[in-house]
Amino acid sequence: MEPTLSIVIPIYNEVASLTQLLQQVVNVEIGMQKELILVDDFSTDGTRDILGEIESIKDTPSEMRSFLEITEMPMDNDAEDTDGVSIKVFYHDVNKGKGATLRTGFQHITGEITIIQDADLEYDPQDYPKLLKPIIDGEADVVYGSRFMKGKQAGLLRSYLANQFLTTLANIVNGTKLTDMETCYKVIRTAILKEISLYSDRFGFEPEITAKLAKRKCNIVEVPISYHGRDYGEGKTVSWKDGIAAIFHILRFRFFS
Numbered sequence: 323m324e325p326t327l328s329i330v331i332p333i334y335n336e337v338a339s340l341t342q343l344l345q346q347v348v349n350v351e352i353g354m355q356k357e358l359i360l361v362d363d364f365s366t367d368g369t370r371d372i373l374g375e376i377e378s379i380k381d382t383p384s385e386m387r388s389f390l391e392i393t394e395m396p397m398d399n400d401a402e403d404t405d406g407v408s409i410k411v412f413y414h415d416v417n418k419g420k421g422a423t424l425r426t427g428f429q430h431i432t433g434e435i436t437i438i439q440d441a442d443l444e445y446d447p448q449d450y451p452k453l454l455k456p457i458i459d460g461e462a463d464v465v466y467g468s469r470f471m472k473g474k475q476a477g478l479l480r481s482y483l484a485n486q487f488l489t490t491l492a493n494i495v496n497g498t499k500l501t502d503m504e505t506c507y508k509v510i511r512t513a514i515l516k517e518i519s520l521y522s523d524r525f526g527f528e529p530e531i532t533a534k535l536a537k538r539k540c541n542i543v544e545v546p547i548s549y550h551g552r553d554y555g556e557g558k559t560v561s562w563k564d565g566i567a568a569i570f571h572i573l574r575f576r577f578f579s
């Protein structure tokens with residue numbers, strides 16, 4: 323039986339991008355089964371209508387193939403040499419934040435490897451094969467997809483500078499050598515992830531998971547990825563307050579947790 327990749331997707335007000343993102347995730351070829359875990363953090367823009375439609379047809383492969391424009395892959399696991407896909411949907415009854423949304427998703431993962439995927443089209447699922455390769459080849463416990471290994475990519479300058487400051491600080495206190503701690507793309511052996519207790523509700527998740535992986539002496543490898551950054555007018559939700567909080571979280575989870 324092929325191994326399974328659990329793809330945890332935290333969602334908040336992504337009505338404009340969610341269907342396209344799911345099409346990309348389902349259609350990328352990785353040679354593994356896919357388990358999509360969609361967790362909505364109390365969206366109010368119509369995103370839940372899309373998720374409701376997915377729930378209503380997710381057990382009907384023909385309708386789901388049509389909905390997600392799947393051309394090569396079945397929604398079940400019967401065919402050989404193709405990627406089977408299963409979908410689970412969960413909802414928060416209040417807005418709790420990205421970290422809390424990921425924790426909800428992590429409770430339901432069953433695959434051997436877990437990847438985090440944002441729903442806003444900034445990150446390209448076509449990068450999955452190279453993100454998975456170091457783990458599949460036994461060269462890594464964890465893979466971070468770095469937006470900056472090949473220099474600054476498209477995105478807000480202040481976000482880039484803030485990221486570099488936070489990543490450098492995290493490297494100093496954790497003894498890591500990362501170029502992009504704040505990346506969405508974190509791929510982790512599920513057995514390791516299940517042994518880590520996480521508490522951050524918002525964007526403190528990134529420094530928390532990094533500190534706790536470093537404490538466990540996990541072998542973290544970075545690979546370069548593509549990135550299509552949104553600006554604040556397009557709905558980017560990370561603010562300067564989150565940056566200040568991240569400094570606190572970096573120190574807290576290295577020395578006090």
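One rule links them: number in the working numbering = place in the sequence shown (from 1) + 322.
We treat Cβ as the ideally placed atom computed from N, Cα and C, and that holds for glycine.
Legend entry - Beta-carbon gap between P332 and G427 smaller than 8 Å: Result yes, Cβ atoms of P332 and G427 sit closer than 8 Å.
Legend entry - Whole alpha helix (DSSP H) elements within the segment 482-553, 4-residue minimum: If only complete runs of 4 or more residues are kept, the segment 482-553 shows the alpha helix (DSSP H) at 512-515 and 527-537, in order along the chain.
Legend entry - Helix, strand or coil at L360 according to DSSP, with G and I counted as helix: It is a strand residue.
Legend entry - I494 burial status per 10 Å Cβ neighbour count (16 or more: buried): With fewer than 16 Cβ atoms within 10 Å of its Cβ, I494 is classed as exposed.
Legend entry - Pair within 8 Å by beta-carbon distance, S328 and E357: Cβ atoms of S328 and E357: closer than 8 Å.
Legend entry - Simplified DSSP assignment, three categories, for G368: If DSSP states are grouped into helix, strand and coil, G368 belongs with coil.
Legend entry - Stretch-stretch touch, CB-based, cutoff 8 Å, three pairs: the segment 440-449 with the segment 524-531: In this structure the segment 440-449 does not touch the segment 524-531; the number of beta carbon pairs closer than 8 Å is below three.
Legend entry - Exposed unless 16 or more other CB atoms sit within 10 angstroms - verdict on V361: Counting other Cβ atoms within 10 Å of its Cβ, V361 reaches 16 or more and is therefore classed as buried.
Legend entry - Whole runs of the beta strand (DSSP E) within the segment 391-468, excluding any shorter than 3 residues: Whole beta strand (DSSP E) segments, 3+ residues: 407-413, 435-438 and 464-468.
Legend entry - Nearest-angstrom Cα separation, counted from T382 out to K537: Answer to the nearest angstrom: the Cα atoms are 44 Å apart.
Inset, instruction - List the residues that DSSP assigns as beta-bridge partners of T341. - result: According to DSSP, which records beta bridges pairwise, T341 is partnered with nothing at all.
Legend entry - Pairwise C-alpha distance: Q345 and M386: Take the alpha-carbon of M386 and the one of Q345: they are about 10 Å apart.
Legend entry - Under the three-state DSSP convention, the category R574 falls into: Three-state result, R574: helix.
Inset, instruction - To the nearest angstrom, report how far apart D415 and I531 are at their CA atoms. - result: For D415 and I531, the distance between alpha carbons rounds to 25 Å.
Inset, instruction - Return the Cβ separation of I572 and L488 in integer angstroms, given the expectation that the two are a contact with Cβ distance under 8 Å. - result: Rounded to whole angstroms, the Cβ separation of I572 and L488 is 7 Å, and the two are in contact under 8 Å.
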